[in-house]
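Input: a single structure, listed below in structure tokens.
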Amino acid sequence: MTRGDAKSVRKDYGLPDHGCASVTFEDNMPNDITLDAAVRSAVEEFLAVGIPSPQVDALLLAAHVLGIGRGELAARLVSGDTLTREQLDRLAGYVARRVAREPLQHITGESGFRQLVLDIGPGAFVPRPETELLVQMVVDAVLASGQASPRVIDLGTGSGAIALAVASEVPHANVWAVEKSPEARAWAAHNNEKYGGIVTLLAGDLATTELLLGDEVGTMDVVVSNPPYIPDDAQPRDPEVRLYDPAVALFGGADGLDVIRQVASVAARIIAPGGLVAIEHGELQGPAVRKILADAGWRNAATHPDLTTRDRYTTAVWSA
Ligand SMILES: C[S@@+](CC[C@H](N)C(=O)[O-])C[C@H]1O[C@@H](n2cnc3c(N)ncnc32)[C@H](O)[C@@H]1O
């Protein structure tokens, strides 16, 4: 959404088109501000600086302050609940951080991903909704294989999102995850512990995965990766990405494809016959990724769209 969408958001949320019928977060605010007015004020502040999802962010921050879910928040909004001074102050602090474009997930400390709630903070890439579709492809492939103990590895796991989602949705799978950044790995280890240690976390560069895997080399049924794929000289448009996602999670060399080349070749060395590789990439990179995979010996490379019809994932099979 762009600033030009502000009017439709006002309409969706029942806000006036001109001016602000709510409150601003100032020191002299009265103590009996309603939750509804505080949320409206946050929406106005977010609209003013072009936050892409002002309404959702305002609601999630209010729910976070109150320690409740979206359903209960909706009930409290219509029943005219008020906020205490302390709650208002905390909400004002969160709103100011979001206005400065700190990611919502860093402020709340968590990120919903498939059926998981991952703990997230500085040093880890914030999982994206489009990656949930990559997980769906992996889950579908693993279930369709009918194997008793399918083996899946996630290269560049970040917070552990893909690996943990697959391991929790396919409990009979064995899942490994590789990550080279110690900061990201700490979040992955924390999230893995939170969900019962269902993933084997390997520390190191994904280009050396066969050394990390030892005896498991050549046995992987699925290799999945959402690697860094932005060209080094490109500037991410969103400040949340530019300022808060780690560079190692974003940039993939001069053409953005260096890590994808490493994934294609290391995956070919660790995959089992008939296994699948599934890679997320930029919307214009499909043809290049298919060529990289074909050059590395993969067959039937195919690119798949996300929910907005942009080409974002390429899969291929190993039939050597
Ligand atoms: C785009 S992020 C994706 C994180 C996570 N898979 C997700 O989808 O939310 C890419 C991840 O790959 C890691 N990474 C980048 N290059 C790597 C390499 N050569 N070896 C291992 N991990 C790498 C980064 O640290 C980062 O955590």
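Under my numbering, the first residue of the sequence shown carries the number 9, and numbering increases by one thereafter.
Think of the CB as a built atom: it goes at the ideal place given N, C-alpha and C, for glycine as much as any other residue.
Contacts around residue i, its chain only, beta-carbon distance under 8 Å, and the 5 residues preceding and following it disregarded
i      : result
Leu219 : Gly212
Tyr21  : Here Tyr21 scores only 31 on pLDDT, less than 50, and its place in the model should not be relied on; the value that follows carries that caveat. If we look at Tyr21 and ignore the five residues flanking it on each side, its Cβ neighbours are Arg48, Val51 and Gln63.
Gly204 : none
Leu67  : Val47, Arg78 and Leu81
For residue j and residue i, the rounded distance between their alpha carbons
i      : j      : result
Val86  : Val178 : 40 Å
Ser30  : Gln123 : Note that Ser30 scores a pLDDT of 45, beneath 50, so its modelled location is shaky and nothing firm can be said.
Ala301 : Ser327 : Just to set this straight, residue 301 is Leu in the shown sequence, not Ala. Cα to Cα, Leu301 sits roughly 13 Å from Ser327.
Ala310 : Arg298 : 7 Å
Asp65  : Leu315 : 21 Å
Lys188 : Ala257 : 10 Å
Phe121 : Phe133 : 13 Å
Ser119 : Ala185 : 19 Å
Asp246 : Asp266 : 23 Å
Gln155 : Ala324 : 19 Å
Val271 : Glu224 : 17 Å
Arg269 : Pro111 : 30 Å
Arg93  : Gly101 : 12 Å
Gly294 : Asp319 : 7 Å
Gly79  : Thr317 : 31 Å
Leu210 : Glu191 : 14 Å
Asn200 : Val107 : 31 Å
Gly264 : Leu74  : 42 Å
Leu126 : Ala242 : 29 Å
Ile206 : Asn308 : 31 Å
Leu221 : Ala304 : 20 Å
Gly58  : Arg109 : 10 Å
Asp13  : Leu284 : Confidence at Asp13 is low in this model, with a pLDDT of 32, below 50, so its placement is unreliable and no value can be given for it.
Gly129 : Arg105 : 14 Å
Met145 : Ala286 : 8 Å
Arg98  : Arg84  : 18 Å
His289 : Pro135 : 14 Å
Thr165 : Ala296 : 23 Å
Ala152 : Gly131 : 35 Å
Gly168 : Leu292 : 26 Å
Trp306 : Gly282 : 10 Å
Thr217 : Ile76  : 42 Å
Residue interval of the alpha helix (DSSP H) (run including residue i)
i      : result
Asp44  : Leu43 to Val57
Glu248 : Pro247 to Tyr252
Asp162 : Counting along the chain, Asp162 falls outside any alpha helix (DSSP H), though it belongs to the beta strand (DSSP E) covering Arg159 to Leu163.
Tyr203 : Looking at the DSSP string, Tyr203 is not in any alpha helix (DSSP H), and its letter there is neither H nor E.
Thr217 : Thr217 to Leu221
Thr139 : Pro137 to Ser153
Val64  : Pro62 to Leu74
Ala257 : Ala255 to Leu258
Arg302 : The sequence given here has Ala at residue 302, not Arg. First-last of the alpha helix (DSSP H) with Ala302: Gly294 to Asp303.
Ala171 : Ala169 to Glu177
Glu80  : Arg78 to Val86
Sequence-distant residues of its chain with Cβ nearer than 7 Å to residue i (five each side left out)
i      : result
Val147 : Val174, Glu177 and Val178
Ile170 : Thr139, Leu142, Val143, Asp162, Val232 and Asn234
Ala56  : none
Ala262 : Pro239 and Asp240
Val103 : Phe33, Ala50, Glu53 and Leu69
Thr227 : Arg159 and Ala280
Ile41  : Val31, Thr90, Leu91 and Leu96
Pro236 : Val256, Ala257, Leu258, Phe259, Gly260 and Val267
Pro244 : Ile238, Arg250 and Leu258
Lys202 : Asp127
Ala215 : Gln270 and Val274
Ala197 : Leu209
Continuous beta strand (DSSP E) stretch holding residue i: start and end
i      : result
Asn234 : Note, Asn234: premise wrong, no beta strand (DSSP E); not H, not E.
Gly283 : Ile279 to Glu288
Gly120 : Glu118 to Phe121
Gly241 : Contrary to the premise, residue 241 reads as Asp rather than Gly in this sequence. Note, Asp241: premise wrong, no beta strand (DSSP E); not H, not E.
His312 : Arg307 to Pro313
Leu210 : Thr208 to Ala211
Leu265 : Per DSSP, Leu265 belongs to no beta strand (DSSP E) and is neither H nor E.
Asp127 : Leu124 to Asp127
Asp319 : Asp319 to Val325
Glu110 : Counting along the chain, Glu110 falls outside any beta strand (DSSP E), and DSSP gives it neither H nor E.
Ala185 : Asn182 to Glu187
Near ligand 2: residue i beta-carbon under 7 Å from a heavy atom
i      : result
Asp303 : As far as ligands go, the structure on display features ligand 1 and does not contain ligand 2.
Any C-beta of chain B under 8 Å from that of residue i
i      : result
Thr316 : Of the protein chains in this structure there is only one, and it is not chain B.
Spatial neighbours of residue i in its chain, beta-carbon cut-off 6 Å, leaving aside the 5 residues before and after
i      : result
Thr116 : His72
Pro158 : Val150, Ala181 and Asp229
Asp89  : Leu43
His341 : The structure shown does not extend to residue 341, since the chain is modelled only from 9 through 328, so no value can be given for it.
Trp195 : Ala132 and Ser167
query: Do the segment 270-282 and the segment 241-253 meet, that is, are 3 or more Cβ pairs less than 8 Å apart?
result: no
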